[in-house]
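Participant: One structure coming up, written as structure tokens, with questions to follow.
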Amino acid sequence: MNSAPRPRQRRRLILTCVECRKRKQKCDRGQPCAQCIARGPESICIYEKFKSPNNAVARASSKSTESSPGQIQDRASPSLLQNAHEYGYSKSDAFSSMGILTKVISGIDEVTPSHRPAAPQIRSKLRADYFGYVRRLPSKAHCEFLINMFFKDVNHFNGALDEVFFREQLDRWWATAYDVILKQGPDALPLDQWYFPALIFQVLAVALQFLPTPHGFLVKVLKFTSSQTFTELSKEYSDCGEGLSILIGRPSSTLVAIQSSFMRDFWCANAGDLLQAWNHSGRTVKEAMSIGLHLEPELPSSSKPEELLDSLWMNELRKRTWWNLFVWDSFMALELGRPMFIDLKKCTVTPPIECEIPPDRLKRVPTPRSDSDPPIPLTERILRLTISRRFAEIRELESQGSVPQNPEKVKELHDFAVKYREDLPAFFRVTNPDTRWDDSCPFVPTHRELISFLTDSFLMALHRPYIFTRSKSQREVYNCALAILDSQDRLFQFHRASSTQWFVGTTFPTFDAAVLLAVVLVSNPERYHAAFSRPYQSLQRALERLRLIGLSLPLAKSGSEILESTVRRVVEAHERAGPSDIVSTELQLPGVLGEQYPAHNAPSEMVSPDVEPWHFEVKPSEMEWTAQNPEFFDFDFSNLEVPMPLKELLLDEEMAALPAGMDAYDPSFWPQPLEQPGLPDISLEQPGIMNVADNSFWNFLVGYPTSFKGDSL
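Take the sequence shown: its letter number 670 is residue 670 in full-length UniProt numbering, and every next letter is one higher.
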């Protein structure tokens, strides 16, 4: 009788997470893996324990784990892959070279289980630094005051955060964070909790930027000294949040880390540092893409209703965060003349559902808002997203110069904006708006003006390259600039009455529209001579706003100085066109928010679909105003760079760094091309921003009065 031993059954190592094994999908063994990142939420990425005393790999892994007492309990990356992120590999790409290597090495190097996303590995000597940052957070009472103010008065401007999710994370932080840090060290915190104090710092910093003047005494105890301003305190908090994020490290970014970075972008813009805001937003976008926010999350397949609903709402939060980044990126690029960081062709994520995230989200399914329901803050964001998707097409047209290769494309975008305005909900229309929600939804009046500005800004940006090559485009820029200035005046009066320090929100649109309006008036004064008092008063009110804001915002002060010089040139051009006594020094302010809008403020009456073929003049001699102003005949309008006043405002800020005695408005002191001598030693991240060519619109505008010296009116 044969008693041959039975063949031993082969036991395979289980290297995939539970969700990937269930779905029969490839798992990259990440913490969390790429599949769970794309599916969301990341907390479902769990690895089962594998115990086999006869398995050499398990013994080696256990020995390796026990020999590293300073490491956290979660599964760390294999030793060969510890610094893989330094080569720029994305953790969300399972099919890159490093992604494939990770899957191979993971099965050999270690199989230690994990039950939550791995926290970043921070050395013991840095734990004191982490705790030092956390200790700089204000007391819970002061934090609650500023956080309440942020969600009441600020968050609706850009929808950066969701209050329900933030409150849940905040409660967990107050309940457990300090005890865990003191007793076990920060390594014991969940991954999102690592970054959460950085997000708190950014929220406090932005709240202080918008702090109403009467409420200052409630938080003055937070100042280090009595002489410290709230602006300085805001910067201190924002720098703490940024420093804490850098201390933790970028490679292990989570959704909370992205939100904190986005809030830093918002803070930089509010502080007037547009260059820093644009550069930092590029890093935010890259980090968001590294965790797959630009990809459509997969539907969860949990059998438990609460887990399913939690995943659905988390997917909504991820979508909102990503599309907020896109709206921010597209608008910054359009206004500053900078490249966009986000390419829609590489994004598969769909827009979010227009609904509020309820406190009892684990019992409710996301349901879109009906037309009869009151508006919510997300309503404005979705409308903004609709038009922001077309900004990239305007940027492409700008690269073609003042004579587009396809004029029909310009016409199509123009008609799109007109139709967009006509289809706006009644409560967002500027002409005869539905104001029934204005009291119950205090954000609606502000959002109405923001949507109005966005639409007029879209049309103004579309037509600004053709100010000198198409007569109707010049008229569109004129009308849109007036509408924007009136809208910004109403916004400024509203926020000034409420004592909200929202300076940046009116500084940049005001400066942009005022300078473009001045360009039109200087280039063709005869056309607008009869009705000059209308644009002149708008320019005077814009100048007054910038002067008032300039007391708190240096960038606005620079803008007021530039605009003051520009208005003088406008007046000189008007006087050259002929004598007139219609210029009134009495400023007539537009109606405040909620009142009936004057007829001249109704953009729908000014801008309409153009059914005629679009014609662009190529030669200066074909332009009607060059015959009236012979001095313009030699100016190469067809090669004039696209007018971008905000870009020029930043240029003026950089010119302030030049040696004393140099006049920023004297063309002889403009920076020379690189191959010519006399180039000032100014280092910028964007080469060419300081390059003011002979045919720049700023050179044209600044040099206008000098070209008429010696002429009689």
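Virtual Cβ for every residue (Gly too), placed ideally from N, Cα, C.
(1) Any contact between the stretch 154 to 168 and the stretch 316 to 326? By contact I mean 3 or more CB pairs, one from each, below 8 Å.
(2) Could you tell me the alpha carbon to alpha carbon distance between Asp373 and Pro359, rounded to whole angstroms?
(3) Just the C-alpha distance for Thr213 and Asp438, rounded to the nearest angstrom, thanks.
(4) Quick check: what's the CA-CA separation for Glu398 versus His574?
(5) For Thr348, which residues of its own chain have a beta-carbon under 8 Å away from its beta-carbon, when the five flanking residues on both sides are left out?
(6) Which residues mark the beginning and the end of the alpha helix (DSSP H) in which Leu244 is found?
(7) Assuming contact is defined by CB atoms lying nearer than 8 Å, are Asp329 and Ser261 in contact in what I supplied?
(8) Nearest to Phe151 by CA position, among Tyr466, Ala426, Leu208, is which residue?
(9) In the DSSP assignment, the alpha helix (DSSP H) including Met460 goes from what residue to what residue?
(10) Does DSSP put Asp360 in a helix, in a strand, or in coil?
(11) Among the residues of its own chain, which have a CB less than 6 Å from the CB of Pro404, if the five just before and after it don't count?
(12) Apart from the five residues on each side of it in sequence, which residues of its chain come closer than 6 Å, Cβ to Cβ, to Ala461?
(13) Tell me whether Asp310 is buried or exposed, calling it buried when 16 or more other Cβ atoms sit within 10 Å of its Cβ.
(14) For the stretch 375 to 423, which segments carrying the alpha helix (DSSP H) assignment without a break, of at least 4 residues, lie completely within its bounds, in sequence order?
(15) Under the assumption that Gln31 contacts Cys20 (Cβ atoms under 8 Å), give the Cβ distance between them as a whole number of angstroms.
(16) Determine the extent of the alpha helix (DSSP H) in which Asn158 is found, giving its start and end residues.
(17) Between which two residues does the alpha helix (DSSP H) containing Lys270 stretch?
(18) Is Pro197 helix, strand or coil when you go by DSSP?
(19) Between which residues of its own chain and Arg381 is the CB-CB distance below 6 Å, once the five residues before and five after are set aside?
(20) Quick one: residues in its chain with C-beta nearer than 6 Å to the C-beta of Asp192, no 5 flanking neighbours on either side, listed in chain order?
(21) My output table needs one value for Ala207: the three-state DSSP class, helix, strand or coil.
(22) Spatial neighbours of Ser234 within its chain, please: CB distance less than 7 Å, with the 5 preceding and 5 following residues excluded, ordered by chain position.
(23) For Ile200 and chain D, any beta-carbon pair shorter than 8 Å?
(24) Helix or strand or just coil, what does DSSP make of Val18?
(25) Compare the C-alpha of Gln537 against each of Glu449, Tyr133, Ala483, Arg527 and name the closest.
(26) Among Val570, Ser452, Gln169, which has the Cα closest to the Cα of Leu383?
(27) Can you tell me which of the three DSSP states Cys27 falls into?
(28) Any idea what DSSP makes of Cys355, helix, strand or coil?
(29) Counting pairs of beta carbons, one from the stretch 504 to 514 and one from the stretch 531 to 549, are three or more of them closer than 8 Å?
(30) Just curious, the alpha helix (DSSP H) that Leu563 is in, first and last residue?
(31) If Ile37 sits next to Gly249, beta carbons under 8 Å apart, how far is it from one beta carbon to the other, in whole angstroms?
(32) Between the C-alpha atoms of Met332 and Phe224, what's the straight-line distance to the nearest angstrom?
(33) Assign Tyr130 to one of three DSSP states: helix, strand, or coil.
(34) Using alpha carbons as the reference points, say which of Leu517, Ser565, Ile46, Ser440 lies closest to Cys480.
Facilitator: On the basis of the coordinates in this document:
(1) Taking 8 Å as the limit for Cβ pairs, the verdict is that the stretch 316 to 326 does touch the stretch 154 to 168.
(2) Rounded to whole angstroms, Asp373 to Pro359 spans 19 Å at the Cα level.
(3) When rounded, the distance between both Cα atoms is 23 Å.
(4) Counting only the Cα atoms, His574 lies some 29 Å from Glu398.
(5) Same-chain partners within the cutoff: His294, Leu295, Glu296.
(6) If you look at Leu244, you'll find it in the alpha helix (DSSP H) that goes 230 to 248.
(7) Against a cut-off of 8 Å, the Cβ pair of Ser261 and Asp329 comes out as no contact.
(8) Per the Cα distances, Leu208.
(9) It spans 443 to 463 - the alpha helix (DSSP H) in which Met460 sits, taken as one unbroken run.
(10) DSSP places Asp360 in coil when its eight states are reduced to three.
(11) Correct list, in chain order: Leu397, Val410.
(12) These residues qualify, in order along the chain: Leu334, Ile394.
(13) If you draw a 10 Å sphere on the C-beta of Asp310, you find 16 or more other C-beta atoms in it, and that means buried.
(14) Runs of the alpha helix (DSSP H) inside the stretch 375 to 423: 377 to 388, 391 to 398, 407 to 422.
(15) Not confirmed; about 13 Å, so no contact.
(16) Following the DSSP letters along the chain, one finds Asn158 in no alpha helix (DSSP H), marked with neither H nor E.
(17) What sits at residue 270 in the sequence shown is Asn, not Lys. From DSSP, the alpha helix (DSSP H) with Asn270 extends over 255 to 270.
(18) If DSSP states are grouped into helix, strand and coil, Pro197 belongs with the helices.
(19) Excluding residues within five positions, the ones whose Cβ falls inside 6 Å are Gly159.
(20) Leaving aside the five residues that flank Asp192 on each side, the residues in its chain whose CB is nearer than 6 Å to its CB run, in chain order, Thr254, Val256.
(21) Helix, per DSSP.
(22) Correct list, in chain order: Ala205, Leu208, Gln209.
(23) This model lacks chain D altogether; it includes just one protein chain.
(24) In the structure shown, Val18 sits in a helix (DSSP, three-state: H, G or I).
(25) Minimum Cα distance to Gln537 is reached at Ala483.
(26) If we check each option's Cα against that of Leu383, Ser452 comes out closest.
(27) If DSSP states are grouped into helix, strand and coil, Cys27 belongs with coil.
(28) Three-state DSSP puts Cys355 in coil, outside helix and strand.
(29) Output reads yes: the stretch 531 to 549 touches the stretch 504 to 514.
(30) Per DSSP, the unbroken alpha helix (DSSP H) holding Leu563 starts and ends at 554 to 577.
(31) A Cβ-Cβ separation of about 17 Å leaves Ile37 out of contact with Gly249 under the 8 Å criterion.
(32) Cα to Cα, Met332 sits roughly 34 Å from Phe224.
(33) Reduced to three states, the DSSP call for Tyr130 is helix.
(34) Just measuring C-alpha positions, the residue of Leu517, Ser565, Ile46, Ser440 sitting nearest Cys480 is Leu517.
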